[in-house]
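> Pasting a structure here, questions to come.
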Amino acid sequence: MKTIVVVDDDEVFGRLMSTVLDLEGYRPVVVEAVEDVVPTVREEGPALVLMDFYIHDQDTLGVLRELKNDEALKDTPVILTSGSDRSVPVLEAGADAFIAKPFRPSELLAEISGLIASSEREGGEERAPSGGTTEAVTATPVDN
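See the structure below:
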């Protein structure tokens, strides 16, 4: 089962995405704090990261750049979402895709499956988690 890290501070949206992803056979892990994103991605070794542009009034471009500049994480596909058109700065910062909210779950799922398939063709298959402790990280898999 492929893991997808969902980064969003909106609990309702996070649960909705978890349900949609779970129904499609993915294992969602929700992260609600910017500082937990990179450790969670290292810990979980996800097939993809789905991240909102703003988390607690802070843009996530710095986190995106950190993921893309990390040798061990740079091949992890990242989709950013936002309620306003942030496609240019998001794609310039290294995101693999941008999807404007609101979006249809089918649109999101098509983008996810396409990016994961592309990543696997290029040899970036889901990595094994790096180990360590999850105690300091508030991310948890969501069972629906």
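Residue numbering for the sequence shown is 0 to 143, as defined by numbering that gives the first Met the number 0.
Using N, Cα and C, we set each Cβ at its ideal position, and we do this for glycine too.
#1: Applying the criterion that 16 or more other CB atoms from any shown protein chain within 10 Å of the CB defines a buried residue, is residue 132 buried or exposed?
#2: Does DSSP classify residue 88 as helix, strand or coil?
#3: Tell me which same chain residues have a C-beta within less than 6 Å of the C-beta of residue 118, skipping the five on either side of it?
#4: For residue 81, which three-state DSSP category applies?
#5: Could you give the first and the last residue of the continuous alpha helix (DSSP H) run that contains residue 32?
#6: In chain order, what residues of the same chain have a beta carbon less than 7 Å from the beta carbon of residue 90, not counting five sequence neighbours either side?
#7: Classify residue 0: buried if its beta carbon has 16 or more other beta carbons within 10 angstroms, exposed otherwise.
#8: So does the region 56 to 73 actually touch the region 19 to 32, counting three or more Cβ pairs closer than 8 Å?
#9: Which residue marks the beginning of the beta strand (DSSP E) containing residue 63, and which one marks its end?
#10: State the Cα-Cα distance for the pair residue 53 and residue 80, rounded to the nearest angstrom.
#11: Between 87, 23, 88 and 94, which lies nearest to residue 78 when the distance is taken from Cα to Cα?
#12: Considering only residues of the same chain and omitting the five flanking positions on each side of residue 16, which have a CB-CB separation below 6 Å?
#13: Starting from residue 2, trace the beta strand (DSSP E) both ways and give me its first and last residue.
#14: Grab the span of the beta strand (DSSP E) containing residue 21 for me, first residue to last.
#15: Would you report the Cα separation of residue 47 and residue 23, rounded to the nearest angstrom?
So, to answer that:
#1: Summary for residue 132: the model assigns pLDDT 31, below 50, so the residue's position carries little reliability, and this model does not support an answer.
#2: helix
#3: For residue 118, the CB contacts under 6 Å within the same chain, skipping 5 residues up- and downstream, are 76 in chain order.
#4: strand
#5: Note, residue 32: premise wrong, no alpha helix (DSSP H); not H, not E.
#6: 97
#7: exposed
#8: no
#9: First-last for residue 63: 60 to 68, but that is the alpha helix (DSSP H), not the beta strand (DSSP E).
#10: 9 Å
#11: Here the closest residue by C-alpha is 94.
#12: If we look at residue 16 and ignore the five residues flanking it on each side, its Cβ neighbours are 5.
#13: Per DSSP, residue 2 belongs to the beta strand (DSSP E) from 2 to 6.
#14: Where residue 21 is concerned, there is no enclosing beta strand (DSSP E), although the alpha helix (DSSP H) it sits in stretches over 10 to 22.
#15: Approximately 14 Å between the Cα atoms of the pair.
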